[in-house]
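Okay, so the sequence shown: first residue is 3 according to UniProt numbering, each after it adds one.
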Amino acid sequence: HEADAHRTDLMTITRHVLNEQTKYPESRGDFTILLSHIVLGCKFVCSSVSKAGLAKLFGLAGETNIQGEEQKKLDVLSNEVFVKALISSGRTCILVSEEDEEAIFVDRSKRGRYIVVFDPLDGSSNIDCGVSIGTIFGIYLVKDEDNPTIDDVLQAGKNLLAAGYCMYGSACTLVLSTGSGVNGFTLDPSLGEFILTHPNIKVPKKGKIYSVNEGNAKNWDEPTTKFVEKCKFPTDGSPPRSLRYIGSMVADIHRTLLYGGIFLYPADKKSPNGKLRLLYEVFPMSYLMEQAGGQAFTGKQRALDLVPGKIHERSPVFLGSYDDVEEIKALYAAAN
Ligand code: P6P
Numbered sequence: 003h004e005a006d007a008h009r010t011d012l013m014t015i016t017r018h019v020l021n022e023q024t025k026y027p028e029s030r031g032d033f034t035i036l037l038s039h040i041v042l043g044c045k046f047v048c049s050s051v052s053k054a055g056l057a058k059l060f061g062l063a064g065e066t067n068i069q070g071e072e073q074k075k076l077d078v079l080s081n082e083v084f085v086k087a088l089i090s091s092g093r094t095c096i097l098v099s100e101e102d103e104e105a106i107f108v109d110r111s112k113r114g115r116y117i118v119v120f121d122p123l124d125g126s127s128n129i130d131c132g133v134s135i136g137t138i139f140g141i142y143l144v145k146d147e148d149n150p151t152i153d154d155v156l157q158a159g160k161n162l163l164a165a166g167y168c169m170y171g172s173a174c175t176l177v178l179s180t181g182s183g184v185n186g187f188t189l190d191p192s193l194g195e196f197i198l199t200h201p202n203i204k205v206p207k208k209g210k211i212y213s214v215n216e217g218n219a220k221n222w223d224e225p226t227t228k229f230v231e232k233c234k235f236p237t238d239g240s241p242p243r244s245l246r247y248i249g250s251m252v253a254d255i256h257r258t259l260l261y262g263g264i265f266l267y268p269a270d271k272k273s274p275n276g277k278l279r280l281l282y283e284v285f286p287m288s289y290l291m292e293q294a295g296g297q298a299f300t301g302k303q304r305a306l307d308l309v310p311g312k313i314h315e316r317s318p319v320f321l322g323s324y325d326d327v328e329e330i331k332a333l334y335a336a337a338n
């Protein structure tokens, strides 16, 4: 029966990536091995986040435990797990993590061709109130494997080979693109496997939702102010749009990808480059949005065309349904 297909024809994330990699005859399985280590990290974080509440109850993660030792905060723990898993894969040469000030250059003995930029636990301030949080990652190829340099990390977002996020919410959902569309996988705890549940995700061309922190409205520039005004008081007879803002990027992007709409984190007078980090928040989410048929804009240009100057650089971002982003692009074009 069709319904049972997934029970017998298990399309796990590993099998799915292997299928996709067959398109690259020269691939030696390295990417699949790298991805399996990212998946391992996500499984660990999923299990730790789901226990965080209990751990807090028993004074474990993030608190001083009964031995009076300061337990590692979950984002620090997650970062250590991802760094160790990525290095042990033997397929990486440079790692950039939101948690580490400097890029990590992998020892020659464990060096591979891939660069991974990641936020191990984005939105972690939301753990204690049970809001969904997530891991965000992007994968680049090094230019010269024998001589990896910081310039290998400061590549335009359009050079990404792959990007994805894992959302730790009501379910553990991993959304991934390796350059030919976007697919969503849900962790089946009974198997410990991510199973394909959202094949070929396409973001609706136009949305009915806008997602922004209205608390920053005092500091917005003219185009953003006008766009949000249009969402609330449409002048073309269309109904006002709904505001949905979770304040955890992975959750807000996941909803935008599936339901459509536009997510905005604009620049403002206080922070001229906005708040979100270019390498491991804006680029991966922009890559996914484009792969799903949407688009991502910085207020000046296509987000993926940006070339970072520093690894923790910030950028404003407007991303989501193609037509919705076109609207805000027109407002910025008219203002310049
Ligand atoms: P604000 C979480 O701290 C985060 O980095 C993203 O996950 C989220 O989209 C954003 O910041 C929320 O920022 O200023 O609206 O609280």
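Built from N, CA and C at the ideal position, the CB exists for glycine as well.
Small disclaimer: the values here were computed from a predicted structure and weren't measured.
Per DSSP, the continuous alpha helix (DSSP H) segment holding residue 258 begins and ends at 251 to 261. Taking the Cβ of residue 220 as the reference point, every heavy atom of ligand 1 lies at 7 Å or farther away. Short of 6 Å from the beta carbon of residue 177, and not among the five residues preceding or following it, lie these beta carbons of its own chain, in chain order: 166, 167, 186.
With distances taken between CA atoms, residue 322 lies nearest to 206 out of 102, 98, 206. DSSP places residue 165 in the strand class (E or B) of the three-state scheme. Residue pairing by DSSP places residue 98 opposite 119 in a beta bridge.
A Cβ-Cβ distance of about 22 Å is found for the pair residue 211 and residue 170, leaving them out of contact under the 8 Å criterion. Within 7 Å of the C-beta of residue 251 there is at least one heavy atom belonging to ligand 1. The count of Cβ pairs closer than 8 Å, one atom from the stretch 311 to 327 and one from the stretch 259 to 278, reaches three, so the stretches are in contact. A distance criterion of 7 Å places the beta-carbon of residue 277 in contact range of ligand 1, judged by its closest non-hydrogen atom.
Secondary structure note for residue 212: its beta strand (DSSP E) is the uninterrupted segment 211 to 213. Collapsing the DSSP output to three states places residue 26 in coil. Within a 10 Å sphere around the beta-carbon of residue 21 sit fewer than 16 other beta-carbons, which makes this residue exposed.
Setting aside the 5 residues that flank it on each side, residue 113 is surrounded in the same chain by 95, each with a C-beta closer than 6 Å to its C-beta; the list follows chain order. Note that the stretch 145 to 152 touches the stretch 92 to 109; at least 3 beta-carbon pairs, one per stretch, sit closer than 8 Å.
For residue 159, the secondary structure class from DSSP, reduced to helix, strand or coil, is helix. Residue 45 is classed as buried because its beta carbon has at least 16 other beta carbons within 10 Å across all chains shown. Residue 149 has its CB no nearer than 7 Å to any heavy atom of ligand 1. Residue 146 carries a coil assignment under DSSP once its states are collapsed to helix, strand and coil. Between the alpha carbons of residue 333 and residue 42 lies a gap of roughly 43 Å. Sequence-distant Cβ neighbours of residue 161 in its own chain, meaning closer than 7 Å and more than five residues away, are 142. If only complete runs of 4 or more residues are kept, the stretch 262 to 311 shows the alpha helix (DSSP H) at 285 to 293, in order along the chain. In the three-state scheme derived from DSSP, where H, G and I count as helix and E and B as strand, residue 12 is classed as coil. Judged by DSSP in its simplified three-state form, residue 224 adopts helix.
Leaving aside the five residues that flank residue 243 on each side, the residues in its chain whose CB is nearer than 7 Å to its CB run, in chain order, 210, 211, 212, 233. Not a single heavy atom of ligand 1 lies less than 7 Å from the C-beta of residue 50.
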